[in-house]
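To keep things clear, I will list the structure first and then write my remarks on it.
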Amino acid sequence: MTRTVLWLSAHPEPQSLNGSLRDDGIQHLQQLGYWVVESDLYAMGWDLVVQPADAGLAPGEQFRVSAAVRDAYTEDRLPVDVATEQAKLFEMSTFRISSRVQCLPD
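Residues 1 to 106, numbered by full-length UniProt numbering, are exactly what the sequence shown covers, in order.
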């Protein structure tokens with residue numbers, strides 16, 4: 001059975017250290033026989049801020065994020081891009097997040 005890895009990245013610069021780590025990590029996993037599926041949320045123009053429309057709410061309707069998104073999920077009303085990415089998670093044996101790392105001064 002082939003094991004599948006979802007490599008999730010969200011970095012604005014593909015030629016950064018983060019991009020190099022992503023490329024090397026994916027290549028290494030493939031050499032080990034893994035099937036790697038990549039989602040680059042930054043390249044997809046993914047909006048990281050949840051909006052009322054993401055839960056199918058009408059303009060002006062009160063937005064209780066947790067309840068609204070839960071209801072949208074259980075009622076199969078999530079936006080297509082969100083549902084597509086969630087579906088990928090159900091197919092994976094391993095999940096890897098690669099994102100920008102910020103170093104804070106001492």
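Just so you know, even glycine gets a beta-carbon here, dropped at the ideal spot from N, CA and C.
Keep in mind the model is a prediction, meaning the values are calculated, not measured.
For Glu61, three-class secondary structure by DSSP
Mapped onto the sequence shown, residue 61 falls at position 61. The answer is coil: DSSP assigns Glu61 none of H, G, I, E or B.
Can you tell me whether His28 is buried or exposed, with buried defined as 16 or more other CB within 10 angstroms of its CB?
Locating residue 28 in the sequence shown gives position 28, counting from the first residue. The residue in question, His28, is exposed, as its Cβ has fewer than 16 Cβ neighbours within 10 Å.
Rounded straight-line distance, which links the Cα of Val69 to that of Phe63:
As a working mapping, residue 63 is identified with position 63 in the sequence shown. As a working mapping, residue 69 is identified with position 69 in the sequence shown. Each residue's Cα considered, the two are about 9 Å apart.
Which class does Thr4 belong to by DSSP, given the choice of helix, strand or coil?
Looking up residue 4 in the sequence shown gives position 4. Three-state DSSP puts Thr4 in a strand.
For Ala10, the three-state DSSP class (helix, strand or coil)
By 1-based counting over the sequence shown, the position of residue 10 is 10. Looking at Ala10 - three-state DSSP - the assignment turns out to be strand.
N-terminal and C-terminal residue of the alpha helix (DSSP H) that Asp81 is part of:
Along the sequence shown, one-based indexing puts residue 81 at 81. Counting along the chain, the alpha helix (DSSP H) containing Asp81 begins and ends at 80 to 91.
Taking C-alpha atoms, which residue in Asp71, Thr2, Pro12, Val80 lies nearest to Gln30?
Taking the sequence shown and counting its residues from 1, one reaches residue 30 at position 30. The option with the nearest alpha carbon to Gln30 is Thr2.
Taking only the alpha-carbon atoms, compute the straight-line gap between Val37 and Asp76 and give it to the nearest angstrom.
Looking up residue 37 in the sequence shown gives position 37. Looking up residue 76 in the sequence shown gives position 76. For Val37 and Asp76, the distance between alpha carbons rounds to 24 Å.
Going by C-alpha to C-alpha distance, which of Gly19, Val80, Trp46, Ser39 sits closest to Val5?
Within the sequence shown, numbered from 1, the residue matching residue 5 stands at position 5. Nearest option by C-alpha distance: Ser39.
For residue 107, does the three-state DSSP call read helix, strand or coil?
Outside the shown range of the chain, which is 1 to 106, sits residue 107, and nothing can be said about it.
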